[in-house]
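Participant: Numbering (the numbering used here), first residue to last: 153 to 293.
Here it is: the structure, laid out below.
Okay, structure coming up:
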């Protein structure tokens, strides 16, 4: 089954229940996440996906889209710096990745092929995060 079959639908439709509108005194981040849940999947950009992944919102629907971008451009600058989307993805909980072992293996292969020069400029701790993701024993099942 194609994981990207419902690109015309929103997260509110795919990940019920739909969220109520955010309260008046909510943060900009909370308002943004609420708004992103109402955007059709095909319209979500790299920065949107990064926000949703880091906030762990609807990961079963968001991770496949994220990996699709990362397979083409692993060091994609989604919003803050080159590689920020990749780091958001590898920091997603193992429980979310367990739904997509094939995508995880493919992303691992991409990470292993990255030259040192590509990861040397990432924030402190990033190389370790990538290494942990690649070394996870769940990958070798």
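Don't be surprised by glycine CBs; every beta carbon is placed ideally from N, CA and C.
This one's a predicted model, so the numbers in the text were calculated from it and none came from an experiment.
Please state the DSSP three-state secondary structure of residue 203.
Facilitator: Taking the chain shown and counting its residues from 1, the one referred to as residue 203 is at position 51. It is helical.
Participant: With a 10 Å radius around its C-beta and 16 neighbouring C-beta atoms as the bar for buried, classify residue 181 as buried or exposed.
Facilitator: Position 29 of the chain shown, counting from 1, holds the residue named residue 181. Residue 181 comes out exposed.
Participant: From the DSSP output, read off the bridge partner residues of residue 234.
Facilitator: Position 82 of the chain shown, counted from the start, is the residue given in the question as residue 234. The partner list for residue 234 (beta bridge, DSSP) reads 229.
Participant: Give the single residue among 210, 272, 160 and 263 whose Cα lies nearest to the Cα of residue 171.
Facilitator: Translated into the one-based positions of the chain shown, residue 171 becomes position 19. Cα-wise, what sits closest to residue 171 is 210.
Participant: In terms of residues, what are the limits of the alpha helix (DSSP H) holding residue 286?
Facilitator: Locating residue 286 in the chain shown gives position 134, counting from the first residue. 278–287 is the span of the alpha helix (DSSP H), which, as asked, contains residue 286.
Participant: Whose C-alpha, out of 164, 247 and 202, is nearest the C-alpha of residue 237?
Facilitator: As a working note, residue 237 is residue 85 in the chain shown. Nearest of 164, 247 and 202 to residue 237, Cα basis: 202.
Participant: Excluding the five sequence neighbours on either side, which residues of its own chain have a C-beta within less than 7 Å of the C-beta of residue 286, listed in chain order?
Facilitator: Taking the chain shown and counting its residues from 1, the one referred to as residue 286 is at position 134. For residue 286, where only same-chain residues beyond five positions count, the Cβ hits under 7 Å are 260, 263 and 264.
Participant: Skipping 5 residues on each side, what residues in its chain have a beta carbon closer than 8 Å to that of residue 248?
Facilitator: Mapped onto the chain shown, residue 248 falls at position 96. These residues qualify, in order along the chain: 208, 211, 212 and 215.
Participant: How big is the Cα-Cα spacing for residue 218 and residue 250?
Facilitator: For the purposes of this step, residue 218 is identified with residue 66 of the chain shown, where counting begins at 1. For the purposes of this step, residue 250 is identified with residue 98 of the chain shown, where counting begins at 1. The straight-line gap from Cα to Cα measures roughly 15 Å.
Participant: Judging by CA-CA distance, which residue of 190, 228 and 158 is the nearest neighbour of residue 169?
Facilitator: Taking the first residue of the chain shown as position 1, residue 169 is located at position 17. It is 190.
Participant: Cutting at 6 Å between CB atoms, please list the residues of its own chain near residue 174, excluding the five before and the five after it.
Facilitator: Translated into the one-based positions of the chain shown, residue 174 becomes position 22. Excluding five sequence positions before and after residue 174, the CB atoms of its chain that fall closer than 6 Å to its own CB belong to 182, 183 and 186, given in chain order.
Participant: Starting from the Cα of residue 273, find the closest Cα among 242, 157, 252 and 233 and give me that residue.
Facilitator: What you label residue 273 is simply residue 121 of the chain shown in a count that begins at 1. Closest by alpha carbon: 233.
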